[in-house]
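Peer 1: Structure provided below as structure tokens; questions to follow.
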Amino acid sequence: MSFETRTKMSAKVTVEDVERVAELAHLELAPDEVGPMLRDLNAILDYVAELNELDTSNVVPLAQMGELEGGAIAALRADLVRPSLDRSAVMSQAPETDQAFFKVPKVIER
Amino acid sequence: MTAERFVKKPRTLTDLRADLAAGRTKATDLAAAYYERIEKLNPRLNIFLSLTKERALAQAARIDAIAAKGDPLPPLAGIPVGIKDVLVTQGAPSTAGSKILQGYRPPYDCTAVARLEAAGAVLLGKTNCDEFAMGSSNENSAYGPVRNPVDPERVPGGSSGGSAAAVASNLAVATLGTDTGGSIRQPASFCGVVGVLPTYGRVSRYGLIAFASSLDRIGPLASNVRDAATMLGVIAGHDPSDATSSPAPVPDYAAESDTPAAGLRIGVPAEYFGEGLDPEVRAAVEKGIAALEVAGCTIKPISLPHTKYAVPTYYLVATAEASANLARFDGVRYGYRSPNSATLSDMYSHSRDEGFGAEVKRRIFLGTYALSAGYYDAYYLKAQQVRRILADEFLRAFAEVDAIVTPTSPFPAFKLGEKTGDPLAMYLADIYTVTASLAGICGVSVPCGATKAGLPVGMQVLARHFGEGTAFRVARAVEAAGI
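Which chain is which? The protein sequence lines are A and B, in order. Each residue of the first sequence is one higher than the one before, starting from 1012 at the first, in my numbering. Each residue of the second sequence is one higher than the one before, starting from 331 at the first, in my numbering.
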């Protein structure tokens, strides 16, 4: 995968790309899943490359839906401390806790 | 053939409420009758993933007590409803159709669910759907596909397939679904029921397990337009727990749906009637348009020339947002944790690998790729720019017409397995629904006839932001024509 900025879509995902994306997304692919994923991604990226037909150099990206609706969506709420969910109710759903914290396998190797 | 066994129209909200108020029906008996029907049909149709009987019967008993005292009944008193399993319900299974949330019991209720219950509705249980609402056929559910009550060899559509099929088979009077790219409207059309895509911001998403946050919406499905309008009136409105919910006042949608459509200007976009449209679907929708003219509407041919760019735009925006939203499923705070992980990093990837299905992984891959260093401008930014073009195109059209009508889907319900081998072919099932999703506008899919084989056809009625009342009026006129 190249890290120069691409301004055009150019679909040709490689096995290395798939492996790199798997790492970024914390997903694993069995060896027999890599081929089909490569094929599907390339097919989808080929298809979305249709968007290259449009000149969007002067188009402001639409990221927030609220702006289309004449500001009908509320502004930010006041930043106030308020009661939230009960800790024990939340902790009861975690795979492993000590009641106060979530527990995970060790992070640092000695 | 089998349709008679599974398809049954629920009674209307108005009739059921009148019976409850007069003491002719008891909410507890009604709930029991629905559970009996669910037990009979669910093994074949796979519509409900879990039932919330205790909660339902307690609520029904409360309603019966109000009715016995002769006190005024709330708007949805005793009405049996189903809830798509991507909406969380306190203490009750909320799987999002995924193995990764098997066994999860959320500590709170989704606002839309809480509002239904506060209005007297009886929550029967949670309905099946594509995993994390990603799919157009319900075949991506980790718990097996829903069968279409009209023909169990066919898909009910997706992702809110269980919610649509529940209404079509009278396993609920009305349901809640979610729509990100067509997930309420398309299954509504496949199953022959009414489905509503509310304006972005109209209904709080607090408690909706997020898929794509700039697109996700919660909306009702019902057997008729007026019931759907009543349901929307209950769940709509500002919620401090969702910063994207709008403070715009909530009109009386049911009353608006009673207003005749005469005088409305209806746009018919050529791009939605081109190549790929099934001729029988076209014929049915054209009958619907003719009925609108008879009802006193003005029909106006219009053009939305960028429509063909909507599906690629949608799949870039939706997958990018999904890759971010689904990062929260990491085996730490809730849901599945893989038992065999020595390190934190292994635990993340093993849990996600074992917990997510193939389509969810494919979309996380696509979204992560599109957002990754060096590709952001080419994919996500480009898609957001085209999204602006598509939204502006609708806004211009709505300067000239009050509503736009199209087929909801290019084809009727297809057979199970027919499209599972080709993700791109499945994505194209959403070709008529994704543009409204990208533009944030509202719409209704209303039954509009059937094919010769008896498969339902839906007409999509689109209206401008917060124009739900107009969409209901048009849908009501199509419904009244009885095509």
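Beta carbons: idealized from backbone N, C-alpha and C, even for Gly. This structure is a prediction, so every number in the text was calculated from the model and none was measured.
How is residue 775 of chain B classed by DSSP in three states: helix, strand or coil?
Peer 2: Three-state DSSP puts residue 775 of chain B in a strand.
Peer 1: Only counting runs of 4 or more residues, tell me where the alpha helix (DSSP H) segments fall wholly within the stretch 485-530 of chain B, in order along the chain.
Peer 2: Runs of the alpha helix (DSSP H) inside the stretch 485-530 of chain B: 491-498, 515-521.
Peer 1: In chain order, what residues of the same chain lie with their CB nearer than 6 Å to the CB of residue 382 of chain B, ignoring the 5 residues before and after it?
Peer 2: Counting only Cβ-Cβ distances below 6 Å, and skipping sequence neighbours, we find 422, 453, 455.
Peer 1: Pull up the distance between the alpha-carbon of residue 462 of chain B and that of residue 399 of chain B, whole angstroms please.
Peer 2: Computed Cα separation, rounded: 43 Å.
Peer 1: What did DSSP end up calling residue 813 of chain B once you bin it into helix, strand or coil?
Peer 2: It is coil, neither helix nor strand.
Peer 1: Taking Cβ to Cβ, would you say residue 812 of chain B is nearer than 9 Å to residue 733 of chain B?
Peer 2: Not in contact: residue 812 of chain B and residue 733 of chain B (Cβ atoms no closer than 9 Å).
Peer 1: Have a look at the DSSP bridge pairing and note the partners of residue 380 of chain B.
Peer 2: According to DSSP, which records beta bridges pairwise, residue 380 of chain B is partnered with B:456.
Peer 1: Exposed or buried, what is residue 649 of chain B when buried is set at 16 or more other beta-carbons lying within 10 Å of its beta-carbon?
Peer 2: With 16 or more other Cβ atoms within 10 Å, it is buried.
Peer 1: Helix, strand or coil for residue 1012 of chain A per DSSP?
Peer 2: Because residue 1012 of chain A sits at a pLDDT of 37, beneath the cut-off of 50, its placement in the model cannot be relied upon, and the following sentence gives the value as read from the coordinates. Residue state, collapsed to three classes: coil.
Peer 1: Does the CB of residue 563 of chain B have a neighbour CB from chain A at under 9 Å?
Peer 2: No, residue 563 of chain B does not count as interfacial toward chain A.
Peer 1: For residue 795 of chain B, which three-state DSSP category applies?
Peer 2: In this structure, residue 795 of chain B counts as coil in the three-state DSSP scheme.
Peer 1: For residue 603 of chain B versus residue 737 of chain B, is the C-beta distance shorter than 9 Å?
Peer 2: The answer is yes: Cβ separation under 9 Å.
Peer 1: Do you know how far the Cα of residue 369 of chain B is from the Cα of residue 457 of chain B?
Peer 2: Their backbone Cα atoms lie some 14 Å apart in a straight line.
Peer 1: Check this for me: beta carbons of residue 486 of chain B and residue 513 of chain B, under 9 Å apart or not?
Peer 2: Not in contact: residue 486 of chain B and residue 513 of chain B (Cβ atoms no closer than 9 Å).
Peer 1: Chain B beta carbons: is any one of them nearer than 9 Å to that of residue 1067 of chain A?
Peer 2: With 9 Å as the cut-off, residue 1067 of chain A counts as an interface residue toward chain B.
Peer 1: Between the stretch 1023-1054 of chain A and chain B, which residues of the former have CB atoms less than 9 Å from a CB of the latter, in chain order?
Peer 2: Result list: 1024, 1028, 1029, 1031, 1032, 1033, 1034, 1035, 1036, 1037, 1038, 1039, 1040, 1041, 1044, 1047, 1048, 1051, 1052, 1054.
Peer 1: Quick check on residue 737 of chain B: does DSSP put it in helix, strand or coil?
Peer 2: DSSP places residue 737 of chain B in strand when its eight states are reduced to three.
Peer 1: Which residues does DSSP pair with residue 478 of chain B in a beta bridge?
Peer 2: Paired residues: B:481.
Peer 1: Which residues, taken in chain order from the stretch 398-418 of chain B, show a beta carbon closer than 9 Å to some beta carbon of chain A?
Peer 2: Within the stretch 398-418 of chain B, no residue qualifies.
Peer 1: Which residues of the stretch 1088-1116 of chain A have a Cβ closer than 8 Å to any Cβ of chain B? Give them in chain order.
Peer 2: If the cut-off is 8 Å between Cβ atoms, the stretch 1088-1116 of chain A has 1088, 1096, 1097, 1100, 1101, 1103, 1104, 1105, 1106, 1107, 1113, 1115, 1116 near chain B.
Peer 1: Measuring CB to CB, does residue 426 of chain B end up less than 9 Å from residue 390 of chain B?
Peer 2: Going by C-beta atoms, residue 426 of chain B is not nearer than 9 Å to residue 390 of chain B.
Peer 1: Using a beta-carbon distance cut-off of less than 7 Å, what residues from the stretch 580-614 of chain B approach chain A?
Peer 2: Cβ contacts with chain A come from no residue of the stretch 580-614 of chain B.
Peer 1: I'd like to know whether the C-beta of residue 343 of chain B is nearer than 9 Å to at least one C-beta of chain A.
Peer 2: For residue 343 of chain B, the answer is no, since every Cβ of chain A falls outside 9 Å of its Cβ.
Peer 1: Looking only at its own chain, which residues have a Cβ that is under 7 Å from the Cβ of residue 530 of chain B, when we skip the five neighbours before and after it?
Peer 2: Around residue 530 of chain B: 547, 770.
Peer 1: Taking CB distances under 9 Å as the criterion, tell me whether residue 753 of chain B reaches chain A.
Peer 2: True, the Cβ-Cβ gap to chain A drops below 9 Å.
Peer 1: Is DSSP giving residue 403 of chain B helix, strand or coil here?
Peer 2: Coil.
Peer 1: Could you tell me the boundaries of the alpha helix (DSSP H) in which residue 1119 of chain A lies?
Peer 2: Unbroken run through residue 1119 of chain A: none, as it is neither H nor E.
Peer 1: What are the residues of the stretch 677-696 of chain B that lie near chain A, defined by any Cβ-Cβ distance shorter than 8 Å?
Peer 2: The stretch 677-696 of chain B vs chain A, Cβ under 8 Å: 677, 678, 679, 680, 682, 683, 686, 691, 692, 694, 695, 696.
Peer 1: Should residue 720 of chain B and residue 810 of chain B be called a contact, given that it needs their Cβ atoms to be closer than 9 Å?
Peer 2: Going by C-beta atoms, residue 720 of chain B is not nearer than 9 Å to residue 810 of chain B.
Peer 1: Less than 9 Å between CB atoms is the rule here; does residue 1083 of chain A satisfy it with respect to chain B?
Peer 2: Note that residue 1083 of chain A has pLDDT 48, beneath the 50 cutoff, so the model's placement of it is unreliable and no number is given.
Peer 1: Based on the DSSP secondary-structure assignment, which residues constitute the bridge partners of residue 566 of chain B?
Peer 2: Answer is B:533, bridged to residue 566 of chain B.
Peer 1: Can you grab the Cα-Cα spacing for the pair residue 336 of chain B / residue 476 of chain B, in whole Å?
Peer 2: For residue 336 of chain B and residue 476 of chain B, the distance between alpha carbons rounds to 13 Å.
Peer 1: With DSSP collapsed to three states, give me the class of residue 770 of chain B.
Peer 2: Here residue 770 of chain B sits in coil by DSSP.
Peer 1: Report all residues from its chain with a CB closer than 6 Å to the CB of residue 356 of chain B; omit the five preceding and five following residues, and keep chain order.
Peer 2: Closer than 6 Å at Cβ, skipping near neighbours: 394.
Peer 1: Apart from the five residues just before and just after residue 1083 of chain A, which ones in its own chain have a Cβ nearer than 8 Å to its Cβ?
Peer 2: With a pLDDT of only 48 at residue 1083 of chain A, under the threshold of 50, the placement of this residue in the model should not be trusted; the figure read from the coordinates follows. Contacts found: 1077.
Peer 1: Quick check for students: name the residue ranges of the alpha helix (DSSP H) that lie wholly in the stretch 1016-1077 of chain A, counting only runs of 4 or more.
Peer 2: DSSP runs (the alpha helix (DSSP H)) wholly in the stretch 1016-1077 of chain A: 1026-1035, 1042-1059.
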